[in-house]
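First comes the structure, then the notes that go with it.
Numbering (the working numbering), first residue to last: 104 to 473.
Next up, the structure:
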């Protein structure tokens, strides 16, 4: 069982304490005195005022916070929060701007030890936040237990942050992606389908006024980005979710090509993604795996790859999978697809050349199948 805790900081970007940030730049990151002075000049002597009912309020000095909407803002905040990782003695931690998550795994029989260690790390993080003038929002902090054989959640010891209880949820949202306690993507796919259908219904109001090429552009720029976000985990979806996604793609084809509900749509649906859904997801996963292999970033994902002894084939060692669900996971299914590619494609280091060769390979494969 794995417990994941998603921490929430109240007004995190507005709470960065300038003197402490400048001290970290110098001590932790080796910024020179002149560079620190430049950052200090950038942050200090900033004022703000409010415009309401035709007049401005009194201008007030801003004593903390990084300028939001700026390029340096998220970078400076990431530097400021970077040493929070040393607060975790047992748990692993992931940071993305002001989103922080910690997680810890233990066998089911050691669930009490898991919660105890997790609570110790949470208390350490709470003290770090206090010392760094950041405020943890306990009400928005969520936790989820993940595992195939997760024990009765009511039997688990409480997860404590400060003096408050962190509730275990059935599903949580992380960076716009919905994670459930079975680690399947069904919740996220259902959410994505609702957003795609909502946008498509809006577009239908002007369907009769637009030519097909304009409608295709609207579909690709306004609807397909919902599908492409988090697409590398869609290989783990079940048949029911795949059917739902295909139905949405069919509806997009009806919109673009002005087809009625009971018209045959298969030939038109392929034009939406330039291939069928299965091929589209395979290509996207392989492109991501190519970037992972040749850039070695992010390292925590690259470290999960194991290369075969033969450098000529560029094959990867296939992880063991005993269940049908795990056989659909990215590091199993996509590694298997990678190993099945011709050697000349796997050896292409340029992502542009790899993408083009992959397009040609899948086009020829699907043509032969059909």
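Built from N, CA and C at the ideal position, the CB exists for glycine as well.
Note that the coordinates shown come from a computational prediction; the quantities given were computed from them, not determined experimentally.
Same chain, Cβ closer than 6 angstroms to residue i, five either side skipped, listed in chain order
| i | result |
| --- | --- |
| residue 196 | 188, 205 |
| residue 296 | 347, 351 |
| residue 225 | 264 |
| residue 120 | 167, 236 |
| residue 437 | 388, 392 |
| residue 203 | 110 |
| residue 430 | 424 |
| residue 449 | 417 |
| residue 108 | 205, 246 |
| residue 283 | 274, 290 |
| residue 169 | 116, 119, 176, 179, 180 |
Reduced DSSP secondary structure (H/G/I, E/B, other) of residue i
| i | result |
| --- | --- |
| residue 332 | coil |
| residue 105 | strand |
| residue 341 | coil |
| residue 348 | helix |
| residue 440 | helix |
| residue 202 | strand |
| residue 120 | strand |
| residue 159 | strand |
| residue 282 | strand |
| residue 196 | strand |
| residue 375 | helix |
| residue 249 | strand |
| residue 132 | coil |
| residue 188 | helix |
| residue 140 | helix |
| residue 269 | strand |
| residue 110 | strand |
| residue 424 | coil |
| residue 419 | strand |
| residue 408 | coil |
| residue 483 | This structure cannot speak to residue 483, because the chain is shown only from 104 to 473. |
| residue 396 | helix |
| residue 435 | helix |
| residue 448 | helix |
| residue 274 | strand |
| residue 309 | helix |
| residue 262 | strand |
| residue 167 | strand |
Per-residue burial, residue i [other beta carbons within 10 Å of its own, 16 or more giving buried]
| i | result |
| --- | --- |
| residue 240 | exposed |
| residue 354 | buried |
| residue 174 | exposed |
| residue 112 | buried |
| residue 230 | exposed |
| residue 307 | exposed |
| residue 385 | buried |
| residue 383 | buried |
| residue 375 | buried |
| residue 301 | exposed |
| residue 454 | exposed |
| residue 444 | buried |
| residue 185 | exposed |
| residue 291 | buried |
| residue 243 | exposed |
| residue 182 | buried |
| residue 192 | exposed |
| residue 179 | buried |
| residue 114 | exposed |
| residue 288 | buried |
| residue 344 | buried |
Neighbourhood of residue i by C-beta distance below 8 angstroms, restricted to the same chain and skipping five residues each side
| i | result |
| --- | --- |
| residue 537 | The displayed coordinates of the chain run from 104 to 473. Any statement about residue 537 would go beyond what the structure contains. |
| residue 321 | 306, 313 |
| residue 421 | 435, 438, 439, 442 |
| residue 217 | 104, 106, 207, 208, 209 |
Nearest-angstrom Cβ-Cβ length linking residue i and residue j, presumed shorter than 8 angstroms
| i | j | result |
| --- | --- | --- |
| residue 248 | residue 106 | 6 angstroms |
| residue 338 | residue 433 | 6 angstroms |
| residue 368 | residue 381 | So it is not a contact: roughly 17 angstroms between Cβ atoms. |
| residue 116 | residue 176 | 6 angstroms |
| residue 329 | residue 298 | 5 angstroms |
| residue 396 | residue 408 | 7 angstroms |
| residue 222 | residue 118 | 24 angstroms between Cβ atoms; not a contact. |
| residue 143 | residue 125 | 6 angstroms |
| residue 214 | residue 141 | Their Cβ separation, rounded to whole angstroms, is 50 angstroms, which puts residue 214 and residue 141 out of contact at 8 angstroms. |
Own chain partners of residue i with C-beta closer than 7 angstroms, once the 5 adjacent residues on each side are dropped
| i | result |
| --- | --- |
| residue 451 | 457, 460 |
| residue 256 | 248, 271 |
| residue 405 | 395, 399 |
| residue 165 | 149, 150, 151 |
| residue 326 | 299, 302, 303, 355 |
If you scan the segment 201-246 from start to end, which runs of the alpha helix (DSSP H) of 4 or more residues do you find wholly inside it? Fully enclosed alpha helix (DSSP H) runs of 4 or longer: 214-234.
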